[in-house]
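See structure below.
Residue numbers (our numbering), protein chains in the order written: chain R, 1 to 111; chain E, 1001 to 1112.
Structure (structure tokens):
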């Protein structure tokens, strides 16, 4: 089993749709969790951190389920500009060689 | 806003050349990283540094070395470039463990 797995995608959704991405991780000692977005041929950019209580930033909601070892990202009212690859990132502990990037899930929002 | 600057967006080098990729961050971050990203393989950690003159190997250090003489600067060195090192190279920094990484805009290196 890979350390961090994501929905394989790609996701093709119409504008205005709600889309959810899931990510599972294998290391139960993981301590911090993030979602990044990456546009084609650009660097990854931090979208949001994921907290145990769940957190929301505008149209984006992130959830963490430690018992089941998964995190999710919900995007409401999708915009064309949301088209990107979404990377799940898990920090497994005190050492940075434990920062694991998921393979990413591609989203295309269609007019 | 954190600014991580990579010296070149695009580089073309010949096999056997020594290649230097430079990265500078302006937020006094302790930790700096070098990744490469290839289609289908995702982001892979080459080296990281948690302090000046300190370095740790990542997942794929072979063929690379690094230098961190000043806190704000982290250099990646390809001692003898090979075609399989053609890739997108991404530098990142962070203030500490469990903090998010902030990436530079990447260097797309082609080795011919």
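In this text, a Cβ means the ideal position worked out from N, Cα and C, and glycines have one as well.
Exercise for the section: Out of R/40, R/44, R/43, R/70, point me to the one whose CA is closest to residue 51 of chain R's CA. Expected result: Cα-wise, what sits closest to residue 51 of chain R is R/70.
Exercise for the section: Would you mind telling me which residues of chain R sit closer than 8 Å to residue 1102 of chain E, beta carbon to beta carbon, in chain order? Expected result: For residue 1102 of chain E, the residues of chain R that pass the 8 Å Cβ criterion are 46, in the order they occur in the chain.
Handout entry: Reduced DSSP category for residue 1098 of chain E - H, G, I as helix; E, B as strand; rest coil
Key = Note: residue 1098 of chain E maps to coil in three-state DSSP.
Practice task
Starting from the beta carbon of residue 49 of chain R, find every residue of chain E whose beta carbon is closer than 7 Å, and list them in chain order.
Solution key: Neighbours of residue 49 of chain R on chain E, chain order: 1100.
Problem - Of the listed residues R/34, R/17, R/87, nearest to residue 1099 of chain E (C-alpha basis) - result: When only C-alpha atoms are compared, the closest one is R/34.
Practice task
Taking 7 Å as the cut-off, decide whether the C-beta atoms of residue 1075 of chain E and residue 1020 of chain E are in contact.
Solution key: Between residue 1075 of chain E and residue 1020 of chain E, the gap from beta carbon to beta carbon is short of 7 Å.
Practice task
Ignore the nearest five residues each way along the sequence and tell me which others in residue 1033 of chain E's own chain have a CB closer than 6 Å to its CB.
Solution key: 1048, 1092, listed in sequence order.
Problem - Run of the beta strand (DSSP E) containing residue 1071 of chain E, from where it starts to where it stops - result: That residue, residue 1071 of chain E, is in no beta strand (DSSP E); it is neither H nor E in DSSP.
Handout entry: CA nearest to the CA of residue 1078 of chain E, picked from E/1026, E/1096, E/1110, E/1069
Key = With distances taken between Cα atoms, residue 1078 of chain E lies closest to E/1110.
Handout entry: residue 63 of chain R to residue 1035 of chain E span [Cα, whole Å]
Key = Residue 63 of chain R and residue 1035 of chain E have their alpha carbons spaced roughly 27 Å apart.
Practice task
For residue 1028 of chain E, count neighbouring Cβ atoms within 10 angstroms of its own Cβ and tell me buried if that reaches 16, exposed if not.
Solution key: Its Cβ having fewer than 16 others within 10 Å, residue 1028 of chain E is exposed.
Problem - Best match in R/61, R/10, R/25 for proximity to residue 100 of chain R [C-alpha to C-alpha] - result: It is R/25 whose Cα lies nearest to the Cα of residue 100 of chain R.
Practice task
Assign residue 48 of chain R to one of two classes, buried (16 or more other C-beta atoms within 10 Å of its C-beta) or exposed (fewer than that).
Solution key: Residue environment for residue 48 of chain R: buried (at least 16 other C-beta atoms within 10 angstroms of its C-beta).
Problem - Pairwise C-alpha distance: residue 88 of chain R and residue 107 of chain R - result: Rounded to the nearest whole angstrom, the CA to CA distance from residue 107 of chain R to residue 88 of chain R is 14 Å.
Practice task
List the residues that DSSP assigns as beta-bridge partners of residue 104 of chain R.
Solution key: Per the DSSP secondary-structure output, residue 104 of chain R pairs with nothing in a beta bridge.
Problem - Runs of beta strand (DSSP E) lying entirely within the stretch 16-78 of chain R, each at least 3 residues, in chain order - result: Within the stretch 16-78 of chain R, the beta strand (DSSP E) runs of at least 3 residues that lie entirely inside it are, in chain order, 19-25, 32-38, 44-50, 55-57, 60-65, 70-75.
Practice task
Could you tell me whether any Cβ in chain R is nearer than 7 Å to the Cβ of residue 1109 of chain E?
Solution key: Not one chain R Cβ lies under 7 Å of residue 1109 of chain E.
Practice task
Give me whichever residues DSSP pairs with residue 1090 of chain E in a beta bridge.
Solution key: Answer is E/1035, bridged to residue 1090 of chain E.
Exercise for the section: Figure out for me which residue from E/1006, E/1106, E/1062, E/1067 has the closest Cα to the Cα of residue 1051 of chain E. Expected result: The residue with the shortest Cα to Cα distance from residue 1051 of chain E is E/1067.
Problem - Cβ-based neighbour list, residue 1031 of chain E, same chain, cut-off 6 Å, excluding 5 preceding and 5 following - result: Once the five neighbours on either side are set aside, the close Cβ partners of residue 1031 of chain E are 1050, 1094.
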